[in-house]
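Asks: Using the numbering used here, the first residue of the sequence shown is number 14, and each one after it goes up by one. Glycine included, every Cβ here is placed at the ideal spot set by N, Cα and C.
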Amino acid sequence: MAGALLSALFLLQLLGMDRGRNEELRLYHHLFDNYDPQCRPVREPEDTVSINIKVTLTNLISLNEKEETLTTSVWIGIDWDDYRLNFSKKDFGDIGILRVPSTHVWLPEIVLENNIDGQFGVAYDCNVLVYEGGHVSWLPPAIYRSVCAVEVSYFPFDWQNCSLVFRSQTYNAQEVEFVFVVGDDGETISKIDIDTEAYTENGEWAIDFCPGEIHRQDGGSADGAGGIDIVYTLIIRRKPLFYIINIIVPCVLISGLVLLAYFLPAQAGGQKCTVSINVLLAQTVFLFLIAQKIPETSLSVPLLGRYLIFVMWFATLIVMNCVVVLNVSLRTPTTHATVPAAAPRERGVLLELLPRLLGSGAPPEAPGAASPPRRASSVGLLLRAEELILKKPRSELVFEGQRYRHGTWTAALYQSLGAAAPEIRCCVDAVNFMAESTRDQEASGEEVSDWVRMGKALDNICFWAALVLFSVGSSLIFLGGYLNQVPDLPYPPCMLQP
Ligand SMILES: *[C@@H]1O[C@H](CO)[C@@H](O)[C@H](O)[C@H]1NC(C)=O
Ligand SMILES: *[C@@H]1O[C@H](CO)[C@@H](O)[C@H](O)[C@H]1NC(C)=O
Numbered sequence: 014m015a016g017a018l019l020s021a022l023f024l025l026q027l028l029g030m031d032r033g034r035n036e037e038l039r040l041y042h043h044l045f046d047n048y049d050p051q052c053r054p055v056r057e058p059e060d061t062v063s064i065n066i067k068v069t070l071t072n073l074i075s076l077n078e079k080e081e082t083l084t085t086s087v088w089i090g091i092d093w094d095d096y097r098l099n100f101s102k103k104d105f106g107d108i109g110i111l112r113v114p115s116t117h118v119w120l121p122e123i124v125l126e127n128n129i130d131g132q133f134g135v136a137y138d139c140n141v142l143v144y145e146g147g148h149v150s151w152l153p154p155a156i157y158r159s160v161c162a163v164e165v166s167y168f169p170f171d172w173q174n175c176s177l178v179f180r181s182q183t184y185n186a187q188e189v190e191f192v193f194v195v196g197d198d199g200e201t202i203s204k205i206d207i208d209t210e211a212y213t214e215n216g217e218w219a220i221d222f223c224p225g226e227i228h229r230q231d232g233g234s235a236d237g238a239g240g241i242d243i244v245y246t247l248i249i250r251r252k253p254l255f256y257i258i259n260i261i262v263p264c265v266l267i268s269g270l271v272l273l274a275y276f277l278p279a280q281a282g283g284q285k286c287t288v289s290i291n292v293l294l295a296q297t298v299f300l301f302l303i304a305q306k307i308p309e310t311s312l313s314v315p316l317l318g319r320y321l322i323f324v325m326w327f328a329t330l331i332v333m334n335c336v337v338v339l340n341v342s343l344r345t346p347t348t349h350a351t352v353p354a355a356a357p358r359e360r361g362v363l364l365e366l367l368p369r370l371l372g373s374g375a376p377p378e379a380p381g382a383a384s385p386p387r388r389a390s391s392v393g394l395l396l397r398a399e400e401l402i403l404k405k406p407r408s409e410l411v412f413e414g415q416r417y418r419h420g421t422w423t424a425a426l427y428q429s430l431g432a433a434a435p436e437i438r439c440c441v442d443a444v445n446f447m448a449e450s451t452r453d454q455e456a457s458g459e460e461v462s463d464w465v466r467m468g469k470a471l472d473n474i475c476f477w478a479a480l481v482l483f484s485v486g487s488s489l490i491f492l493g494g495y496l497n498q499v500p501d502l503p504y505p506p507c508m509l510q511p
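1) Please list, following the chain, all residues that have a C-beta closer than 7 Å to any non-hydrogen atom of ligand 1.
2) Spatial neighbours of A295 within its chain, please: C-beta separation below 6 Å, excluding the five flanking residues on both sides.
3) Measuring CA to CA, which of K252, M325, N215, I490 is closest to T84?
4) In this structure, how does DSSP classify P435 when only helix, strand and coil are distinguished?
5) Three Cβ pairs or more, each shorter than 8 Å: is that satisfied between the segment 72-91 and the segment 207-222?
6) At a threshold of 8 Å, does I207 count as lining ligand 2 (C-beta to nearest heavy atom)?
7) Assuming W326 is part of the beta strand (DSSP E), what are its boundary residues?
8) Would you check if there are 3 or more beta carbon pairs closer than 8 Å linking the segment 170-187 to the segment 36-52?
9) Identify every residue that forms a DSSP beta bridge with P58.
10) Nearest-angstrom Cα distance between M325 and Q305?
11) Do three or more CB pairs link the segment 467-477 to the segment 272-280 at distances below 8 Å?
12) My output table needs one value for L125: the three-state DSSP class, helix, strand or coil.
13) Consider the C-beta atom of T246 and the heavy atoms of ligand 2; say whether any pair is separated by less than 8 Å.
14) Classify E459 as helix, strand or coil using the three-state DSSP reduction.
15) If you measure from the CB of S159, is any heavy atom of ligand 2 nearer than 8 Å?
16) Please determine, among F193, Y96, D242, the residue with the shortest C-alpha to C-alpha distance to E57.
17) Hey, is the segment 308-327 in contact with the segment 442-458, meaning 3+ C-beta pairs nearer than 8 Å?
18) Counting pairs of Cβ atoms below 8 Å between the segment 116-127 and the segment 140-157, do you hit three or more?
19) For the putative contact between I205 and C507, defined by C-beta atoms under 8 Å, what is the C-beta separation to the nearest angstrom?
20) Using a 10 Å radius around the Cβ and a threshold of 16 neighbouring Cβ atoms, would you call S203 buried or exposed?
21) Taking the alpha-carbon positions, what's the G134 to W88 distance?
22) Using 10 angstroms around the beta-carbon of D231, count the other beta-carbons present and answer buried if the total reaches 16, otherwise exposed.
23) Spatial neighbours of L410 within its chain, please: CB distance less than 8 Å, with the 5 preceding and 5 following residues excluded, ordered by chain position.
24) Cβ of V332 within 9 Å of Cβ of C286?
25) According to DSSP, is A155 helix, strand or coil?
26) Within its chain, find whatever has a CB closer than 7 Å to the CB of N99; leave out the 5 residues flanking it on each side and keep chain order.
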């Protein structure tokens, strides 16, 4: 009983197998029973297999400037005719397409020649489609990391020229031939195909041109056949906004701060230097950031690097300048000879002409004042008091003068006072001494303020000079970057603008 059931099942299975085997398997066996994937699909040895190729870019993943590597995600569409796979769908129950693993059919062995990571082939070995009439089509996806020499001169306003070089690893130009696919509208698709719907826009790079070219090399060997390859060129342009926001604007702002050092009063002394040296340090940080980003090449200096060198040089100049101006403005009569007096012309230029030209606060000078010295109000008051004191003669004269002026009784009083109290004489002496030293101090104070004003005038000149230098230098450098546009190449634009 059980034996009969088993044999019935077996029979059913056989029948089922026979039904599943029906057309597709029959076609498979028809095509591949005598098929050798090692042999080129040509009837005569001198025939050439014509390979239609179309590369579709789905994503420009990244360009690593430091490693000079371009990473792309592409679909490589290749199709050709294999006469051994010729069938008619009438004979096989209307099956138009047969899908077989790619290892079962002959492949032209197309590799990316300029890859950089040893991944020559495709990322996923998808099935090959065999169409009625022997047409074979294969569309494997691939992630390629290819070498791309990065030109850093205009970083971050640069554009790059990267290429993808495909060739058949083992077949020469006489055995296989590459042609570009002809599109539905009868137009040859020679550029990299970018489907705007499938393509993911890269945030950093825009693709301007992506032409493809087929190169045949004349081999020098005896059989005369050289290689054949397809070179796709990607002209990509950097979108600089990221670098403008994150590096250029902060860098220009911080470097501009160094100009403020000139507005610090001369008395602030070392703080002028502190400001400029802090700016110098901040610029070093930016230089470090850029150095991490670009390749370690000595062939050229990137634009941003040039700008940083410029502003660092500028800040260094300002530090030196501040020190020199400090040297002038913090001079005192006890340490330096009175240069303003010694060189009246310079004094005139620095203390009168320049402040007037630059429209900065010339010291308030009373127009009708007869006395040349310019004094701050409190100082003037002191001086007047001092003059008052100085008009009085010395103590002896006081006492003697009083005698003649006020008659004998007062003279006697003074005399007795003078005789009775030598302390008073001492006191008068002391007052006179104080007056004298105050006058000295006043004179030296005046000279100190002359030095300070001279330093201020120097600061003023230097500020304007530095402002002009900074703005002209910055604009020239960035203008160079702005003018570095992709040239108008004789290729159709890569992406049709939606
Ligand atoms: C396929 O076979 C048919 C006839 O069976 C023939 O006409 C056609 O040219 C063949 N195609 C190829 C590519 O050999
Ligand atoms: C890009 O590079 C290729 C070779 O690497 C060169 O033939 C081509 O002229 C370059 N294109 C431009 C626009 O520089």
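Replies: So, from the listed chains and residues:
1) D94, Y96, N99, S101, G146, G147
2) I267
3) N215
4) helix
5) yes
6) no
7) Looking at the DSSP string, W326 is not in any beta strand (DSSP E); the run it does join, the alpha helix (DSSP H), is 316-342.
8) no
9) According to DSSP, P58 bridges with nothing at all.
10) 18 Å
11) yes
12) strand
13) yes
14) helix
15) no
16) Y96
17) no
18) yes
19) 7 Å
20) buried
21) 12 Å
22) exposed
23) The pLDDT assigned to L410 is 48, lower than 50, so where the model puts this residue is not dependable; a value taken from the coordinates is nonetheless given after this. Same-chain partners within the cutoff: there are none.
24) yes
25) strand
26) G146, G147
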